[in-house]
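*Asks:* As they're listed, the protein sequences go chains A and B.
What the first sequence shows, in the working numbering, is residues 1 to 361, in sequence order.
What the second sequence shows, in the working numbering, is residues 362 to 894, in sequence order.
Got a structure for you, written out below as structure tokens; questions coming shortly.
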Amino acid sequence: MDNKITNAKKVATKIDTPKPDANQEAEKPIAKAEAQLDKVKEFSTRVAKIKDELKKDVVGQEEIIDSVIIAIVAGGNVLLEGVPGVGKTRLVRSLGRVLSLPFSRIQFTPDLMPSDVTGANIVEKDENGKLVTSFRKGPIFANLVLADEINRATPKTQSAMLEVMQEHKVTVGNNVHKIAEPFFVLATENPIEQDGTYPLPEAQMDRFVFKLIVKFPSDDELVNIVKMTQVTLDETAESVINGEEILEMRALASQVLVSDEVLMYAIKLVSGTHPELDSACPSTKKYVKYGASPRAAQALITCAKVKALMDGRYNVSYDDINELAYPVLRHRMKVNFTAVNDKLSVDDVIAMIIKETKKVH
Amino acid sequence: MNNFDTENQSVNENNKNNLMNMTEKEIKEYIGFAKFKKRLLAIRLLKTLLATLAFAFIACGVMLIITKLDAWDISPWFSLLFGFGAGAITFPCVFLPLSFTDKKLAYRLDEELSLKERMHTSLQNLDNNSLMSVLLRQDLKKATEKIKAKRIKARGLPVYIAVAVIGLATLITGLAIKQEKVEPPPPPPPPQDEAWSLSMEDELAIKEIIKAVEDSSMVSLAKEELVGKMNELLTALKQEDNYEDARNLVADCADEMDKITYKTGSSGALYDAIKAKNTPFTREIARMLTKTDKTKYEIKFSDAIDSLKHKYEEFEEITPEQQKEMKEDTMLLLSFASLDVLSALAESGVDSSDTLYGYLESLITINKNGVYGIKTIGEKMEVFNYGWASIQLEGLKDTTLKNNIYEELLSQNQNYSVGYGASDGLRELFEIAVPQREDMTSEDAEEDDDSGVEEDEDKNAAGGYGPGLILGTDELIYDKENGQTIITQEIYQKYKEIMNNHFANEDGTVPEEIKKYFDLLLKGYEEGEKENG
Numbered sequence: 001m002d003n004k005i006t007n008a009k010k011v012a013t014k015i016d017t018p019k020p021d022a023n024q025e026a027e028k029p030i031a032k033a034e035a036q037l038d039k040v041k042e043f044s045t046r047v048a049k050i051k052d053e054l055k056k057d058v059v060g061q062e063e064i065i066d067s068v069i070i071a072i073v074a075g076g077n078v079l080l081e082g083v084p085g086v087g088k089t090r091l092v093r094s095l096g097r098v099l100s101l102p103f104s105r106i107q108f109t110p111d112l113m114p115s116d117v118t119g120a121n122i123v124e125k126d127e128n129g130k131l132v133t134s135f136r137k138g139p140i141f142a143n144l145v146l147a148d149e150i151n152r153a154t155p156k157t158q159s160a161m162l163e164v165m166q167e168h169k170v171t172v173g174n175n176v177h178k179i180a181e182p183f184f185v186l187a188t189e190n191p192i193e194q195d196g197t198y199p200l201p202e203a204q205m206d207r208f209v210f211k212l213i214v215k216f217p218s219d220d221e222l223v224n225i226v227k228m229t230q231v232t233l234d235e236t237a238e239s240v241i242n243g244e245e246i247l248e249m250r251a252l253a254s255q256v257l258v259s260d261e262v263l264m265y266a267i268k269l270v271s272g273t274h275p276e277l278d279s280a281c282p283s284t285k286k287y288v289k290y291g292a293s294p295r296a297a298q299a300l301i302t303c304a305k306v307k308a309l310m311d312g313r314y315n316v317s318y319d320d321i322n323e324l325a326y327p328v329l330r331h332r333m334k335v336n337f338t339a340v341n342d343k344l345s346v347d348d349v350i351a352m353i354i355k356e357t358k359k360v361h
Numbered sequence: 362m363n364n365f366d367t368e369n370q371s372v373n374e375n376n377k378n379n380l381m382n383m384t385e386k387e388i389k390e391y392i393g394f395a396k397f398k399k400r401l402l403a404i405r406l407l408k409t410l411l412a413t414l415a416f417a418f419i420a421c422g423v424m425l426i427i428t429k430l431d432a433w434d435i436s437p438w439f440s441l442l443f444g445f446g447a448g449a450i451t452f453p454c455v456f457l458p459l460s461f462t463d464k465k466l467a468y469r470l471d472e473e474l475s476l477k478e479r480m481h482t483s484l485q486n487l488d489n490n491s492l493m494s495v496l497l498r499q500d501l502k503k504a505t506e507k508i509k510a511k512r513i514k515a516r517g518l519p520v521y522i523a524v525a526v527i528g529l530a531t532l533i534t535g536l537a538i539k540q541e542k543v544e545p546p547p548p549p550p551p552p553q554d555e556a557w558s559l560s561m562e563d564e565l566a567i568k569e570i571i572k573a574v575e576d577s578s579m580v581s582l583a584k585e586e587l588v589g590k591m592n593e594l595l596t597a598l599k600q601e602d603n604y605e606d607a608r609n610l611v612a613d614c615a616d617e618m619d620k621i622t623y624k625t626g627s628s629g630a631l632y633d634a635i636k637a638k639n640t641p642f643t644r645e646i647a648r649m650l651t652k653t654d655k656t657k658y659e660i661k662f663s664d665a666i667d668s669l670k671h672k673y674e675e676f677e678e679i680t681p682e683q684q685k686e687m688k689e690d691t692m693l694l695l696s697f698a699s700l701d702v703l704s705a706l707a708e709s710g711v712d713s714s715d716t717l718y719g720y721l722e723s724l725i726t727i728n729k730n731g732v733y734g735i736k737t738i739g740e741k742m743e744v745f746n747y748g749w750a751s752i753q754l755e756g757l758k759d760t761t762l763k764n765n766i767y768e769e770l771l772s773q774n775q776n777y778s779v780g781y782g783a784s785d786g787l788r789e790l791f792e793i794a795v796p797q798r799e800d801m802t803s804e805d806a807e808e809d810d811d812s813g814v815e816e817d818e819d820k821n822a823a824g825g826y827g828p829g830l831i832l833g834t835d836e837l838i839y840d841k842e843n844g845q846t847i848i849t850q851e852i853y854q855k856y857k858e859i860m861n862n863h864f865a866n867e868d869g870t871v872p873e874e875i876k877k878y879f880d881l882l883l884k885g886y887e888e889g890e891k892e893n894g
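Shown next, in the form of structure tokens:
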């Protein structure tokens, strides 16, 4: 009898098993939305923290820092150009610490070989004393790579960077070695010493989302630099973010809204740099030798989204595009002799193009 | 740079606001777009209204100004209607171009309110309920709720206001102008049946005609008669009160004046001139001229006829002998225009440049035998009235006398022009038809005078009938057998006419004795013709 009751109870229990709560079901998307909202809230917090930490090691250069952060969140590589001693390398090293990313520095010299960058297969003895071939990873295998004076390396070595920068993987022999995300290459260039340097090919230049000109610090900034370095030369910035969080920030930034008109404006800006096209601006036809690649348009939109989110907006504006046009376009287009003759820099020509490009309404 | 303010945001709050499930209209309301749209719609309506009123006022005002200044007789309602029409046309012409789309408004809001493309991005993502889209709406709401709708400027509104003011000013001006009164046309003259009185203008005109006659060189007797007639007329007209009666008075007076004028065509001066030359011929002529008064003379055939009429008046029929005798007597009457006269004319040697002579000459024919004839009896009589005396005078080679005669003749012409001019003037004043008159002294009369004479093949170049025929025309034919000049029937008829006209009774009837005389004469001639075959 008891078994019957027990069985009946079991059956009843089965029968009486309550259905899932409708409210609970409704709360799932709400919970998801809440989590996303938290991430939006944290975005600015994280950016602020990164900046604060970097300020500890890098005096001034706020625009450079902002641009570098934008590029990193956007997932792009940055080319820093500046005279020696303006803090390019220090910035990148501090950045690595702040982002808690494995950091490696490659000092490019004319005798640097591609395998010195990517790594090579070596023959070594294993535990059993057998000779085995193993791949020794090169310094490129890091999350944050500082390619110092990249223009000093030979084109062959420079080209070794191409695959890594674009595809985030290294192919050695028949083996493909992926590089962990997030992966950034911050390269530096010395604009002064042109002897013994190899200008970066256009293809490689196109892999950098930004080219930032690190200017000589102001007197006040220099005073602070000197004072700071008198105390210590060590970098004191601490880690405030990790790679995973950067990836989250990147994913969040990609959701920022772009209107069709702003998108079209960015496209027009890029196509306006091509003198052979009908849509070229008058200044382009006069001063530009060749224009930016389609990657420029991708870089503009991607980075503009990050910038908008950093500014606390959820949509990209025309101003975002205009401000980012300089770091995005200056290394992707080349001015002709007319511009040189008129003493116009690339930035001057970009300014003209921006002025001549009408907003889409 | 960090403009996030998500502290007060939560998904629960979002849920409460139902942001993810809003309709488009609700979203637009939520983000503040609706309030700006209402503002812009109001501006659009205001501009349209101002423009409509402006053009309506301008049209109405301009029409009022034009009609008043040009004194057009148009109702003010027309101007109002015109203005209304202008306004009706203006309204859609302004309202439609001012239209805008939501997209256009969004761009404008982003630009004017420095929203950094939030508005138009949000409008493009109305159906996008992603987190970013929702956060964008919240962000936009926060940005726009602080901004008043009035911040959207009414572009160009001052211009519309200015145009409306101009329109109002135009309308006020149009209303203020006083229209010049159009004087009504003068009343039409009263119908003629109504009481009439001689107007001052007509009286003055008649007096002017009287004065013109008085000042003319018309023969004085006739002049006095004419002036007297016209003064009597004037007196009568002043007392007349009926227009038709007045016209009749004028017509009668004018007819009387014509008669007086007609009778001036006599040979008063001729008589004196003729008498100056005391020849049997001229004496005979003078005898024929009956002096009625000092200046007026008439050539009275009646005396000659009278002397005959008793002779024939009892006759019912006339014998050939008597007819012959009548012919002779008639010839006597015509003797002045007969061969003798023509001979004298030919021998006078008058200067052919004399127009009167030329006139005479045009009446004369001459055959190769040197015999002269006169073309028409009617003109012959006129010649008889005027010309032969002149010829006689010409024969006298007395230039002074001739000139006096010519002057007299010319003055007689003038008598006609003055007399007939006065009577015609009176007629025209009272709209009475002017009678047609022949120019008795015109050479054209000779040309126009077709006495019904048909061209005769027997006529020679001079108009005569060849050798043996005395006169060149068929008016007078020389009867070779009888040795007499024969008056043809046609001549008789014309002669009869002349006699009838010349000696007609006052009532226009022909005296019976004249009539009988010629009837007998013609009858005898006809019978004579029949006898001759």
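We treat Cβ as the ideally placed atom computed from N, Cα and C, and that holds for glycine.
I need the boundaries of the beta strand (DSSP E) containing residue 198 of chain A, first residue and last residue.
*Replies:* Looking at the DSSP string, residue 198 of chain A is not in any beta strand (DSSP E), and its letter there is neither H nor E.
*Asks:* Report the residue from B:561, B:411, B:620 and B:786 whose alpha carbon sits nearest the alpha carbon of residue 515 of chain B.
*Replies:* Of the candidates B:561, B:411, B:620 and B:786, the one whose C-alpha sits nearest the C-alpha of residue 515 of chain B is B:411.
*Asks:* According to DSSP, simplified to helix, strand and coil, what is residue 609 of chain B?
*Replies:* Reduced to three states, the DSSP call for residue 609 of chain B is helix.
*Asks:* Would you mind reading off the limits of the alpha helix (DSSP H) that contains residue 428 of chain B?
*Replies:* Note, residue 428 of chain B: alpha helix (DSSP H), 394 to 430.
*Asks:* Output yes or no for whether 7 angstroms exceeds the beta carbon distance between residue 221 of chain A and residue 283 of chain A.
*Replies:* Cβ distance not < 7 angstroms, so residue 221 of chain A and residue 283 of chain A don't count as in contact.
*Asks:* Out of A:317, A:200 and A:64, which one is the CA nearest neighbour of residue 332 of chain A?
*Replies:* Considering only alpha carbons, the answer is A:200.
*Asks:* Grouping DSSP H, G and I as helix and E and B as strand, with all else coil, what is residue 67 of chain A?
*Replies:* Reduced to three states, the DSSP call for residue 67 of chain A is helix.
*Asks:* Verify the CB distance criterion: does residue 477 of chain B have a CB-CB separation below 7 angstroms to chain A?
*Replies:* By this cut-off, residue 477 of chain B is an interface position.
*Asks:* Could you confirm whether any beta carbon from chain A is found closer than 7 angstroms to the beta carbon of residue 490 of chain B?
*Replies:* Taking Cβ atoms only, chain A never reaches closer than 7 angstroms to residue 490 of chain B, which makes this a no.
*Asks:* What residues in its chain sit with their C-beta under 8 angstroms from that of residue 354 of chain A, if we drop five residues either side in the sequence?
*Replies:* Excluding residues within five positions, the ones whose Cβ falls inside 8 angstroms are 269, 322 and 325.
*Asks:* Tell me which same chain residues have a C-beta within less than 7 angstroms of the C-beta of residue 96 of chain A, skipping the five on either side of it?
*Replies:* Once the five neighbours on either side are set aside, the close Cβ partners of residue 96 of chain A are 103 and 144.
*Asks:* Could you tell me the alpha carbon to alpha carbon distance between residue 155 of chain A and residue 484 of chain B, rounded to whole angstroms?
*Replies:* Looking at the two C-alpha atoms, the distance is approximately 49 angstroms.
*Asks:* Please return the same chain residues whose Cβ sits closer than 6 angstroms to the Cβ of residue 44 of chain A, not counting the five positions on each side in sequence.
*Replies:* No residues qualify anywhere along the chain.
*Asks:* In whole angstroms, what is the alpha-carbon distance linking residue 423 of chain B and residue 520 of chain B?
*Replies:* Taking the straight line joining both Cα atoms gives about 20 angstroms.
*Asks:* Please report the distance separating the alpha-carbon of residue 246 of chain A from that of residue 86 of chain A.
*Replies:* Residue 246 of chain A and residue 86 of chain A: Cα-Cα distance of roughly 26 angstroms.
*Asks:* Below 8 angstroms, how does it come out for the segment 247 to 266 of chain A and the segment 304 to 317 of chain A: are there three or more Cβ pairs, yes or no?
*Replies:* Cβ pair count under 8 angstroms is three or more, so yes.
*Asks:* Could you round the C-beta distance between residue 415 of chain B and residue 525 of chain B to whole angstroms and report it? I think they count as a contact, below 8 angstroms.
*Replies:* With 8 angstroms as the limit, residue 415 of chain B and residue 525 of chain B qualify as a contact, their Cβ atoms being about 4 angstroms apart.
*Asks:* The segment 496 to 523 of chain B: which residues have C-beta closer than 7 angstroms to a C-beta of chain A, in chain order?
*Replies:* Residues passing the 7 angstroms Cβ filter: 496, 497 and 500.
*Asks:* Tell me the rounded alpha-carbon separation between residue 291 of chain A and residue 80 of chain A.
*Replies:* So the alpha carbons of these two residues sit roughly 21 angstroms apart.
*Asks:* Per DSSP, what kind of secondary structure is residue 584 of chain B in: helix, strand or coil?
*Replies:* Three-state result, residue 584 of chain B: helix.
*Asks:* Residue 790 of chain B and residue 566 of chain B look like a contact to me (Cβ under 8 angstroms); what is the Cβ gap, rounded to whole Å?
*Replies:* Yes, they are in contact, since the Cβ atoms of residue 790 of chain B and residue 566 of chain B sit about 6 angstroms apart, within 8 angstroms.
*Asks:* Using a Cβ-Cβ cut-off of 6 angstroms (strictly less than) and excluding sequence neighbours within five positions of residue 107 of chain A, which residues of its own chain qualify?
*Replies:* For residue 107 of chain A, where only same-chain residues beyond five positions count, the Cβ hits under 6 angstroms are 148.
*Asks:* Which residues does DSSP list as the beta-bridge partners of residue 134 of chain A?
*Replies:* A:122, per the DSSP bridge assignment.
*Asks:* In whole angstroms, what separates the C-alpha of residue 463 of chain B from that of residue 36 of chain A?
*Replies:* Cα to Cα, residue 463 of chain B sits roughly 31 angstroms from residue 36 of chain A.
*Asks:* With DSSP run on the structure shown, which of helix, strand or coil describes residue 107 of chain A?
*Replies:* It is a strand residue.
*Asks:* Taking contact to mean 3 or more Cβ pairs, one atom from each stretch, closer than 8 angstroms, check whether the segment 48 to 63 of chain A and the segment 169 to 184 of chain A are in contact.
*Replies:* Short answer: they don't touch.
*Asks:* Taking the straight line between their C-alpha atoms, what separation do you get for residue 274 of chain A and residue 64 of chain A?
*Replies:* Rounded to the nearest angstrom, the two C-alpha atoms are 27 angstroms apart.
*Asks:* Whole angstroms is fine: what's the gap from residue 792 of chain B's alpha carbon to residue 429 of chain B's?
*Replies:* So the two alpha carbons sit approximately 42 angstroms from each other.
*Asks:* Taking the alpha-carbon positions, what's the residue 83 of chain A to residue 474 of chain B distance?
*Replies:* Straight-line Cα distance between these residues: approximately 42 angstroms.
*Asks:* By how many angstroms is the C-alpha of residue 278 of chain A removed from the C-alpha of residue 244 of chain A?
*Replies:* Roughly 44 angstroms between the two C-alpha positions.
*Asks:* Helix, strand or coil: how does DSSP classify residue 148 of chain A here?
*Replies:* In this structure, residue 148 of chain A counts as strand in the three-state DSSP scheme.
*Asks:* Taking only beta-carbon atoms, is residue 358 of chain A less than 7 angstroms away from chain B?
*Replies:* Residue 358 of chain A does not count as touching chain B.
*Asks:* Going by DSSP, name the residue or residues bridged to residue 171 of chain A.
*Replies:* DSSP output for residue 171 of chain A lists A:176 as bridge partner(s).
*Asks:* Can you tell which of B:389, B:479, B:527 and B:623 has the C-alpha that lies nearest to the C-alpha of residue 504 of chain B?
*Replies:* Measuring from the Cα of residue 504 of chain B, the nearest candidate turns out to be B:479.
*Asks:* From the DSSP secondary-structure annotation, give me the bridge partner or partners of residue 185 of chain A.
*Replies:* Partner(s): A:145.
*Asks:* Can you tell me whether residue 80 of chain A is helix, strand or coil according to DSSP?
*Replies:* In this structure, residue 80 of chain A counts as strand in the three-state DSSP scheme.
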